[in-house]
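In the working numbering, the protein residues as written are 8 to 164.
Have a look at this one:
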């Protein structure tokens with residue numbers, strides 16, 4: 008993983024206009040994708056997901072992922088249409104300690120009288136840039152002869 012992509016993750020997470028989603032696997036293997044309202048990156052590069060509800064599907068799926076070494080995926084969608092997809096594995100769930108306490112205070116200062124079930128640390132294993140214009144350029148470089156017929160007609164009119 009490049010330093011440039013790690014910096015872009017930090018930049019996207021610092022922007023309040025970024026939408027973060029976390030995808031986990033249900034017990035049946037079906038994907039479950041939900042917004043992550045409090046996602047950040049710690050100084051070591053771990054993603055930090057704050058889970059508010061003990062009984063949420065995401066919390067149960069993250070527990071199952073850590074027990075059975077199942078992957079998770081985090082997607083960051085920025086204001087400028089940039090998209091990064093991070094594949095990872097849950098590393099640890101914090102339910103006490105100084106980091107948990109700081110996150111608990113942050114959540115309550117932003118949302119009022121709410122709970123914090125766990126602070127999930129997610130190890131980043133792979134980062135893919137899925138920004139459309141970047142992917143389009145990559146596809147055109149890899150497959151220069153693949154074009155939709157309608158594009159060929161439009162270019163020649």
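Glycine included, every Cβ here is placed at the ideal spot set by N, Cα and C.
request  = List the residues that DSSP assigns as beta-bridge partners of residue 79.
outcome  = 95
request  = Determine, using beta-carbon pairs with one atom in the stretch 118-127 and one in the stretch 91-104, whether at least three such pairs fall under 8 Å.
outcome  = yes
query = Roughly how many angstroms lie between the CA atoms of residue 68 and residue 11, to the nearest whole one?
reply = 30 Å
key: Buried/exposed call for residue 133, threshold 16 Cβ in 10 Å   = exposed
ask   = Which residue spans inside the stretch 30-92 form an unbroken beta strand (DSSP E) run of at least 3?
value = 38-42, 46-48, 54-58, 79-84
message = For the alpha helix (DSSP H) containing residue 21, name the first residue and the last one.
response = 10-21
key: Residue interval of the alpha helix (DSSP H) (run including residue 121)   = Neither: residue 121 is in no alpha helix (DSSP H) and is coded neither H nor E.
Buried versus exposed call for residue 52 [16 or more other C-beta atoms within 10 Å across all chains shown] = exposed
inquiry  = My output table needs one value for residue 28: the three-state DSSP class, helix, strand or coil.
reply    = strand
ask   = What residues match up with residue 129 in a beta bridge as DSSP calls it?
value = 54, 97
ask   = So, is residue 72 buried or exposed, given that buried needs 16 or more other C-beta atoms within 10 angstroms?
value = buried
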